[in-house]
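K.L.:
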Amino acid sequence: MPPANDSDLSGRADQLVLTIDVGSSSFRTNLYTRDAHPVEGCAAQTHYATLTTADGGAEIDPDSLLDKIFAAIDETLHAASERAGMVAGVGMCSLVSNVMGIDAQGRPTTPIYTWADTRCASEAADLRASLDEAAIHERTGCYIHTSYLPARLAWLQHTAPDVYARTVMWITMGDWLMLHLFGRTAQSLSVASWSGLLNRHNLDWDAEWLGYLGLGREKLPPLVDVAEGISGLRAEYASRWPALRDVQWFPCVGDGVASNIGSGCWEPDAVAVQVGTSGAMRALLHGEVSNVPQGLWCYRLSGDAALLGGALSEGGNVFAWLRDTLRIADWNALEKEAANLPPDSHGLTLLPFVAGERSPGWNPAARATISGLSLTTTPVDIIRAAQEAIAYRFGLIYDQLLTALPPLRSVIASGGALLNTPGWIGMLADVLGTPVTASGEPEASSKGVALLTLHSLGIIKSFGEVPVSLHETYAPDMKRHAIYRRAMTRQQGMYEELGGSSTSASTGTISPCD
Numbered sequence: 042m043p044p045a046n047d048s049d050l051s052g053r054a055d056q057l058v059l060t061i062d063v064g065s066s067s068f069r070t071n072l073y074t075r076d077a078h079p080v081e082g083c084a085a086q087t088h089y090a091t092l093t094t095a096d097g098g099a100e101i102d103p104d105s106l107l108d109k110i111f112a113a114i115d116e117t118l119h120a121a122s123e124r125a126g127m128v129a130g131v132g133m134c135s136l137v138s139n140v141m142g143i144d145a146q147g148r149p150t151t152p153i154y155t156w157a158d159t160r161c162a163s164e165a166a167d168l169r170a171s172l173d174e175a176a177i178h179e180r181t182g183c184y185i186h187t188s189y190l191p192a193r194l195a196w197l198q199h200t201a202p203d204v205y206a207r208t209v210m211w212i213t214m215g216d217w218l219m220l221h222l223f224g225r226t227a228q229s230l231s232v233a234s235w236s237g238l239l240n241r242h243n244l245d246w247d248a249e250w251l252g253y254l255g256l257g258r259e260k261l262p263p264l265v266d267v268a269e270g271i272s273g274l275r276a277e278y279a280s281r282w283p284a285l286r287d288v289q290w291f292p293c294v295g296d297g298v299a300s301n302i303g304s305g306c307w308e309p310d311a312v313a314v315q316v317g318t319s320g321a322m323r324a325l326l327h328g329e330v331s332n333v334p335q336g337l338w339c340y341r342l343s344g345d346a347a348l349l350g351g352a353l354s355e356g357g358n359v360f361a362w363l364r365d366t367l368r369i370a371d372w373n374a375l376e377k378e379a380a381n382l383p384p385d386s387h388g389l390t391l392l393p394f395v396a397g398e399r400s401p402g403w404n405p406a407a408r409a410t411i412s413g414l415s416l417t418t419t420p421v422d423i424i425r426a427a428q429e430a431i432a433y434r435f436g437l438i439y440d441q442l443l444t445a446l447p448p449l450r451s452v453i454a455s456g457g458a459l460l461n462t463p464g465w466i467g468m469l470a471d472v473l474g475t476p477v478t479a480s481g482e483p484e485a486s487s488k489g490v491a492l493l494t495l496h497s498l499g500i501i502k503s504f505g506e507v508p509v510s511l512h513e514t515y516a517p518d519m520k521r522h523a524i525y526r527r528a529m530t531r532q533q534g535m536y537e538e539l540g541g542s543s544t545s546a547s548t549g550t551i552s553p554c555d
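Residues in the sequence shown are numbered consecutively from 42, following the working numbering.
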């Protein structure tokens, strides 16, 4: 459907929503109509820097990020002109987990640490050795890992005790935005669930983690559900954006759950698989998940909806590393050549852990490995092996998901790294042994935020009222499926031989891949 025009927006029946979507290297602000269609010419996209360090750091400057987000809102509202007065609500999603500290004056005590910061690996190992990880996984839906807050906070206690002592509250980038706009914080259950500190049963900060870490509840934001909006901008921002003075602003949600909704995967029979810089496979379930399968996580959308799935630290970052390391000038040409290779024909077994491992083994010490290299191995072989290797990791997640889901209706693929490589989508269908449909939504997470905001405002009663765009469906070749499954078993065998954990292990223990 074409974008809205001025005549479409003539009355309050045609309210708009403003979305803020913060990704791993850029963010976007958009206006959407009540039918969740983007308003033409009103999107603003801005890149920002994540500082990475040789020791595993991944930091964002909180003041700089905030300034850039506010400038993007300026740009979108300016482009909207008089239509800005039709904005009825504002929603936001962001990469998670992330955390920063603030002092008693509300100023940052730390940068924003993202999930990719692995400097707390030693603390994660110590916590894992001291605690019952299976019980923690059951309570919180999360493992002990560098991605989550327990290890991060333990690291800060150990390495920066003065900073830790000065910090009166640990917040996220979404809270940081709300603190400036409204003078208070309120963290959604969605974002809190990505911290590893939320008890998934009582939907409160986990008392056992707080006690172990010596962390007072006042050090964490109050929790709200996704539909609990606030209004009444502080004077500085009400003057800057008069059109937004009294509209409802809804708490930030995780970008993963927003992407599920924006790609049409809001029922448990539809699985979303997304590959950008990293990757994830997820399904949205209603009510509480009684049992979280081994190797997977369970986050929240709201008090009555849970997100079950797994995340990979690998995705487009593997191919960026290969492109730079192999000094490939014409990547597209080699990628097309790789797509024409027969399945598992290169003689390689590859573990794609250039950034450590998340699902299903949760081993931050895991490292990328290529076995089978010879004088005849070419860059094309390595590219193909890397694509297959990542697909196998999704296969492990998929097998675990199937144990907890009803019969599937669809698997929907999104994310630039996947949608821009159709042959990879077909390969994924072959590995999974089920059809995979390419999403037609170029900004699934932004659209998901728009749908959530429209639903929270009562403008739509269900997500299903708004159709989503879908492209080609790739049917699996079952002969290829058999070949890939044998190769997937071979990859897992090498993983275990190098010291990795197994998704079938009953203990759930995680050993380093040295």
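The beta-carbon is built from N, C-alpha and C at its ideal position, and this holds for glycine as well.
Alpha carbons only, please: which of Leu118, Thr390, Ala227, Leu449 is nearest the one belonging to Ala409?
P.N.:
Taking only the C-alpha atoms, the option nearest Ala409 is Thr390.
K.L.:
Out of Arg169, Ala268, Lys488, which has the shortest C-alpha to C-alpha gap to Ala77?
P.N.:
Nearest C-alpha to Ala77: Lys488.
K.L.:
Rounded to whole angstroms, what's the CA-CA distance from Ile185 to Leu118? Just pull it up for me.
P.N.:
Between Ile185 and Leu118, the C-alpha separation is close to 42 Å.
K.L.:
For a test of the three-state rule: what should DSSP assign to Glu308, helix, strand or coil?
P.N.:
Three-state result, Glu308: coil.
K.L.:
Hey, is the stretch 386 to 401 in contact with the stretch 347 to 355, meaning 3+ C-beta pairs nearer than 8 Å?
P.N.:
Judged by Cβ distances under 8 Å, the stretch 386 to 401 makes contact with the stretch 347 to 355, as three or more pairs qualify.
K.L.:
In three-state terms, what does DSSP make of Leu238?
P.N.:
Residue state, collapsed to three classes: coil.
K.L.:
What are the uninterrupted segments assigned as alpha helix (DSSP H) that are 4 or more residues long and contained completely in the stretch 390 to 459, given in chain order?
P.N.:
DSSP runs (the alpha helix (DSSP H)) wholly in the stretch 390 to 459: 420 to 443.
K.L.:
So within the stretch 480 to 540, which uninterrupted alpha helix (DSSP H) runs reach at least 4 residues, ignoring any that extend past its ends?
P.N.:
List check, alpha helix (DSSP H) in window: 485 to 497, 519 to 538.
K.L.:
Around the C-beta of Gln428, are 16 or more other C-beta atoms found within 10 angstroms, so that it is buried, or is it exposed?
P.N.:
Looking at its Cβ environment, which holds 16 or more other Cβ atoms inside 10 Å, Gln428 is buried.
K.L.:
Check Ser48 in the structure and name its three-state DSSP category.
P.N.:
Annotation note: pLDDT 36 at Ser48 (below 50); position unreliable, coordinate value reported separately. Residue state, collapsed to three classes: helix.
K.L.:
Return yes when the Cβ of Leu493 is within less than 8 Å of the Cβ of Val294, no when it is not.
P.N.:
Their beta carbons are under 8 Å apart, which means Val294 touches Leu493 by this criterion.
K.L.:
Exposed or buried, Arg527, counting other C-beta atoms within 10 Å across all chains shown (16 or more means buried)?
P.N.:
Arg527 comes out exposed.
K.L.:
Reducing DSSP to helix, strand and coil, say where Thr60 ends up.
P.N.:
Thr60: strand per DSSP, three-state reduction.
K.L.:
Which partner residues does Tyr154 have in the DSSP bridge list?
P.N.:
In the DSSP output, where bridge partners are listed per residue, Tyr154 has Glu100, Val140.
K.L.:
Could you please give me the residues that DSSP links to Gln289 through a beta bridge?
P.N.:
DSSP output for Gln289 lists Gly130 as bridge partner(s).
K.L.:
Does Arg258 have its Cβ less than 8 Å from a Cβ in chain E?
P.N.:
Considering every chain present, this structure includes no chain E. It has just one protein chain.
K.L.:
Please determine if the stretch 315 to 333 and the stretch 299 to 306 are in contact, where contact requires at least 3 C-beta pairs separated by less than 8 Å.
P.N.:
Yes, the stretch 315 to 333 is in contact with the stretch 299 to 306.
K.L.:
Do Ala165 and Ala201 have their C-beta atoms closer together than 8 Å?
P.N.:
Not closer than 8 Å, so no.
K.L.:
Quick one: what's got a C-beta closer than 6 Å to Tyr340's C-beta in the same chain, skipping five residues either side?
P.N.:
Closer than 6 Å at the Cβ level, and outside the excluded window around Tyr340, lie Ser234, Trp235, Leu348.
K.L.:
For Trp362 and Ala95, what's the separation of their Cα atoms in angstroms?
P.N.:
If you take the alpha carbons of Trp362 and Ala95, they lie about 15 Å apart.
K.L.:
Which of helix, strand or coil does DSSP assign to Ile271?
P.N.:
Ile271 falls in the strand class under three-state DSSP.
K.L.:
Assuming Gly270 and Asp287 make a contact with CB atoms under 8 Å, what is their CB distance in whole Å?
P.N.:
In fact, because the Cβ distance is near 11 Å, the residues do not count as touching under 8 Å.
K.L.:
Alpha carbon to alpha carbon, how far is Trp196 from Ser163? Give it in angstroms, no decimals.
P.N.:
Cα to Cα, the separation comes out at about 8 Å.
K.L.:
Determine the DSSP secondary structure at Asp471, reduced to helix, strand or coil.
P.N.:
Asp471 falls in the helix class under three-state DSSP.
K.L.:
Helix, strand or coil, according to DSSP, for Gln86 in the structure here?
P.N.:
It is a strand residue.
K.L.:
Just curious, the alpha helix (DSSP H) that Tyr205 is in, first and last residue?
P.N.:
Note, Tyr205: alpha helix (DSSP H), 202 to 207.
K.L.:
What are the boundary residues of the alpha helix (DSSP H) that Gly252 is part of?
P.N.:
Here the alpha helix (DSSP H) through Gly252 covers 248 to 254.
K.L.:
Start and end of the alpha helix (DSSP H) containing Tyr184?
P.N.:
Note, Tyr184: premise wrong, no alpha helix (DSSP H); not H, not E.
K.L.:
Does the Cβ-Cβ distance between Asp62 and Ser486 come in under 8 Å?
P.N.:
A contact, by the Cβ cut-off of 8 Å.
K.L.:
The beta strand (DSSP E) that contains Asn38, what's its start and end?
P.N.:
Absent from the structure is residue 38, since the part of the chain shown begins at 42 and ends at 555.
K.L.:
Near Leu511, which residues of its chain fall below 8 Å by C-beta distance, leaving aside the five closest residues on each side in sequence?
P.N.:
Taken in chain order, the residues that qualify are Gly305, Ile453, Thr478, Ala479, Ser480, Gly481.
K.L.:
Just mark Asn71 as buried or exposed, buried being the case when its beta carbon has 16 or more other beta carbons within 10 Å.
P.N.:
Burial call: buried.
K.L.:
Could you check what DSSP says for Ser229 in three-state terms: helix, strand or coil?
P.N.:
Residue state, collapsed to three classes: strand.
K.L.:
Looking at C-beta atoms only, is the number of pairs between the stretch 318 to 333 and the stretch 442 to 449 that lie closer than 8 Å three or more?
P.N.:
Touching, yes.
K.L.:
Let me make sure I understand the geometry here. Which of Asp365, Gly82, Thr87 has the alpha-carbon closest to that of Ala120?
P.N.:
Of the listed residues, the one whose Cα sits closest to Ala120 is Gly82.
K.L.:
If you draw a straight line from the alpha carbon of Pro401 to that of Met322, how long is it in whole angstroms?
P.N.:
Between Pro401 and Met322, the C-alpha separation is close to 11 Å.
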